[in-house]
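The next block holds one structure in the form of C-alpha cells; read it before the comments.
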Amino acid sequence: METGSFVPYLMAIILVASVMTISLRKNKLSAFPVINASKNEYLMSGRAMLARGLKEFGGKPFRVNTGLGGGVIILDHSVMPEVRNDARFDSTKFLLQYWQAGIPGFEPYIALGTEILHNVIKWNLTPSGIAKLNKPLSDEANAALSDILTDNEEWHEVLLGDVIIRIVARVSSVIFLGPELCRNPDWLKITVNYTNKATNAAKVLRRWPVFLYRTIHWFLPECREVRTMLVEARQIIAPILEKRRVQKTADPSLEYHDALYWYETAAKRMGVEYDPADQQLALSISAILTSNDLMSQSIMDLCKSPEMFEPLRNEIWSVLGDGQWRSTSLYNTKLLDSVLKETLRLKPVAAVGLGRRVMEDVRLKDGTVLPQDSGIAVNAEKMWDPEIYENPRTYDGYRFLRLREASEQGEKTSQLVSTSPEHLGFGLGIHACPGRFFGANTVKLVMCHLLLK
13 METGSFVPYL MAIILVASVM TISLRKNKLS AFPVINASKN EYLMSGRAML ARGLKEFGGK
73 PFRVNTGLGG GVIILDHSVM PEVRNDARFD STKFLLQYWQ AGIPGFEPYI ALGTEILHNV
133 IKWNLTPSGI AKLNKPLSDE ANAALSDILT DNEEWHEVLL GDVIIRIVAR VSSVIFLGPE
193 LCRNPDWLKI TVNYTNKATN AAKVLRRWPV FLYRTIHWFL PECREVRTML VEARQIIAPI
253 LEKRRVQKTA DPSLEYHDAL YWYETAAKRM GVEYDPADQQ LALSISAILT SNDLMSQSIM
313 DLCKSPEMFE PLRNEIWSVL GDGQWRSTSL YNTKLLDSVL KETLRLKPVA AVGLGRRVME
373 DVRLKDGTVL PQDSGIAVNA EKMWDPEIYE NPRTYDGYRF LRLREASEQG EKTSQLVSTS
433 PEHLGFGLGI HACPGRFFGA NTVKLVMCHL LLK
C-alpha cells in the first residue's frame, strides 16, 4: 500500500483524538457552573457579573464565560496558599490567551512573558537600581506637567484620563528610551494609544469563533490599526538603535542609562535576539497598566478628601529638605504611600487575582480538580473583608500608615509595593508584578509634583 493512502486515515485519527480531547475537557469543566450565558456580559459588565457569582455560589468555584475556551474558573480566596507559588499554574500563558498570542499586531503582549523582559526588569529596575533613576524621573515629571497641564495659574478643565496617560507615557519613556525618544510626539502617540487600541481590537476579535482568528484579523479595521502602529514603532526605534550600535563599536566604554541599552546588554549576556519595538511597547503597557489607573483614581479619591492635601504637602516638603531627591526620599513619603495603597485596595485594576493557566490536571486539597489548559482566578474579596479592614468600603488615606506604625510586621506588609493575600493589587507569589517598584516610584514622583504645584 502506498504511503499516501494512509493520510486520510491518519487525519481521521487526529480529528477523532482532537474531538475526544475537547469533549473530555468540557466534561471536566462541567463540574463548574457558568454564571453568564453570553460572553458579551463579561465584556460589558464583568465586575458586576463577578459580584453576582460570588453571592450566588457562596465561595464555591464557578465559571465565567469569556468567549475563550471554557472560560475562567473563579476560586475562593482560601486556595491562595496552594496556587501562589505552584509552577503548574502559569500567569503568562493565562494572559496570552486574552491578547491573541500569535496574531500579528499583538506581539508586545507576547513580549510581556519573555525571559529577556523579565531579566531587564530584574537586573535594572530593582529597588536599589530605581533609586538612581529618581532624578531623571523627577526632572521629566516636572517638564511633562508644565507641557501637558501648562503653567497657566487660572482654573481650566482637563480630561483626567487623557492627561494622566500622557504624563505616564512621557515620564516612563525617559527611562525606557532615553533622551532621544522620550519626547518624540510620534512615539508618545503610539505608546499612549496602543494599549487601548489593542484592547479594543482583542474585544472585536473575540466576537468571532476562535478557529477564524488567524484569518479574520486581516480584514478587521481594528486589528489592521494595531499592526500599523507596530510597524511605525519599529521605524522610529530602528535608526536610534543603529546609531547607538555604531557609537558603541567606536567606543566600547560608552554606556547609557535606559532600557534601550539594558536590552542590548541583556541580549548579549543571554545570547538571544529580540524585537526592540515589541519589547519597548511591552514595557509601556506594563507602565501604563501599573500607573495610569492608580494615579487617576488616587487623584479622584483625594479630590473627595481635600483634608488630605495639606498633610501630604507637608510630608513631601519634610523629606525633600534641600529640594534634592535622595535614595530614601520616596521611602519616607509614608502617608503618600498609604494613600496610594488605599486607592489600590478599593479599586484594583482587576476584581480577581492570581489569574493562571493550569498546565496539567491539578487536584486541590478540598478535592476540586482543575483541568489542564483551563483558566483560573481567585476572588479578591479579602481586600474588602470587615474582619481584616475596619470599614472596608470607606476610603481612609491613613489606613496603611497606621498599620506600618503599629508593628514591625506592619512595616513590611503595608507598603504600596508589598504583596499579601489581603491585598492583591500587585498580585501574589512567584508571579507578582515585577515592575511594581518602578511603577510605584513613577506614580509617587508625579504625585509629589502635582501636590506641590
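Numbering-wise, our numbering puts 66 at position 54 of the sequence shown, and it's gapless, one number per residue. Glycine included, each C-beta is placed from N, C-alpha and C at the ideal position.
Straight-line gap, residue i to residue j (C-alpha atoms, nearest Å)
i      : j      : result
Ala278 : Ile187 : 16 Å
Met23  : Leu224 : In this predicted model, Met23 has a pLDDT of only 47, less than 50, meaning its place in the structure is not dependable enough to derive any value.
His461 : Ile47  : 45 Å
Asn146 : Trp337 : 7 Å
Met32  : Ser140 : Because the pLDDT of Met32 is 43, which lies under 50, any placement of that residue in the model is unreliable, and the question is left without a value.
Leu36  : Gly365 : The pLDDT assigned to Leu36 is 45, lower than 50, so where the model puts this residue is not dependable; a value taken from the coordinates is nonetheless given after this. The alpha-carbon atoms of Leu36 and Gly365 are separated by roughly 27 Å.
Leu314 : Lys144 : 29 Å
Ser350 : Pro251 : 43 Å
Val284 : His269 : 21 Å
Glu127 : Trp167 : 47 Å
Ala175 : Val91  : It should be pointed out that residue 175 corresponds to Val in this sequence rather than to Ala. Approximately 39 Å, taken between the alpha carbons.
Leu463 : Leu217 : 41 Å
Tyr275 : Pro288 : 8 Å
Leu457 : Ala262 : 37 Å
Asn97  : Arg357 : 22 Å
Leu413 : Ser386 : 39 Å
Tyr407 : Val331 : 25 Å
Leu382 : Val222 : 22 Å
Gly114 : Lys280 : 26 Å
Gly333 : Thr355 : 27 Å
Val76  : Glu254 : 47 Å
Gly83  : Phe44  : 10 Å
Glu53  : Gly70  : 21 Å
Thr78  : Met61  : 12 Å
Gly441 : Leu87  : 16 Å
Gln421 : Thr431 : 13 Å
Phe231 : Glu237 : 11 Å
Lys40  : Ala363 : 25 Å
Where the beta strand (DSSP E) containing residue i begins and where it ends
i      : result
Leu366 : Val364 to Val370
Phe74  : Phe74 to Val76
Leu87  : Val84 to Leu87
Buried or exposed by the 16-neighbour rule on C-beta atoms within 10 Å, applied to residue i
i      : result
Ile34  : Bear in mind that a pLDDT of 47 at Ile34, under 50, signals an unreliable position, so the model cannot answer this.
Ser50  : exposed
Ala213 : buried
Ile328 : buried
Met320 : buried
Met312 : exposed
Gln291 : buried
Arg257 : exposed
Pro318 : exposed
Met459 : buried
Leu265 : The amino acid occupying residue 265 in the given sequence is Ser; Leu does not appear at that position. Label assigned to Ser265: exposed.
Arg369 : buried
Gly451 : buried
Phe449 : buried
Gln309 : buried
Ile297 : buried
Glu152 : buried
Ile400 : exposed
Leu200 : buried
Where the alpha helix (DSSP H) containing residue i begins and where it ends
i      : result
Leu457 : Arg448 to Leu464
Leu129 : Glu127 to Asn136
Arg281 : Ala271 to Met282
Leu293 : Pro288 to Lys316
Ala156 : Asn146 to Ile160
Gly173 : Leu172 to Phe188
Asp208 : For clarity, residue 208 is Asn in the given sequence; the question names Asp instead. Here the alpha helix (DSSP H) through Asn208 covers Pro197 to Leu217.
Ala143 : Pro139 to Ala143
Leu326 : Note that residue 326 is Asn in the sequence shown here, rather than Leu. That run of the alpha helix (DSSP H) goes Phe321 to Leu332.
Ala392 : Segment: none, Ala392 is in no alpha helix (DSSP H) and carries neither H nor E.
Tyr121 : Glu119 to Ala123
Tyr225 : Tyr225 to Ile228
Ser103 : Ser103 to Leu108
Ser341 : No alpha helix (DSSP H) holds Ser341; DSSP gives it neither H nor E.
Pro93  : Met92 to Val95
Cys235 : Pro233 to Ala262
Expected contact under 8 Å - CB spacing of residue i and residue j to nearest Å
i      : j      : result
Gly367 : Ser103 : 6 Å
Ala271 : Val132 : 6 Å
Arg416 : Lys346 : 6 Å
Ile122 : Ala156 : The pair is not a contact, with the Cβ atoms about 29 Å apart (cut-off 8 Å).
Thr203 : Ser185 : 7 Å
Leu376 : Leu348 : No, Leu376 and Leu348 are not in contact; Cβ-Cβ is about 39 Å, not under 8 Å.
Phe118 : Ala181 : No, Phe118 and Ala181 are not in contact; Cβ-Cβ is about 19 Å, not under 8 Å.
Gly125 : Leu137 : In fact, because the Cβ distance is near 17 Å, the residues do not count as touching under 8 Å.
Pro93  : Ile85  : No, Pro93 and Ile85 are not in contact; Cβ-Cβ is about 17 Å, not under 8 Å.
Looking at C-beta atoms only, is the number of pairs between the segment 158-168 and the segment 423-443 that lie closer than 8 Å three or more? no
Kindly confirm or deny that the segment 441-455 and the segment 301-321 touch, where touching means at least three C-beta pairs closer than 8 Å. yes
Using a Cβ distance threshold of 8 Å, determine whether the segment 147-158 contacts the segment 236-247, with at least three qualifying pairs required. no
Is it a yes or a no for the segment 429-438 touching the segment 383-395, going by three-plus beta-carbon pairs under 8 Å? yes
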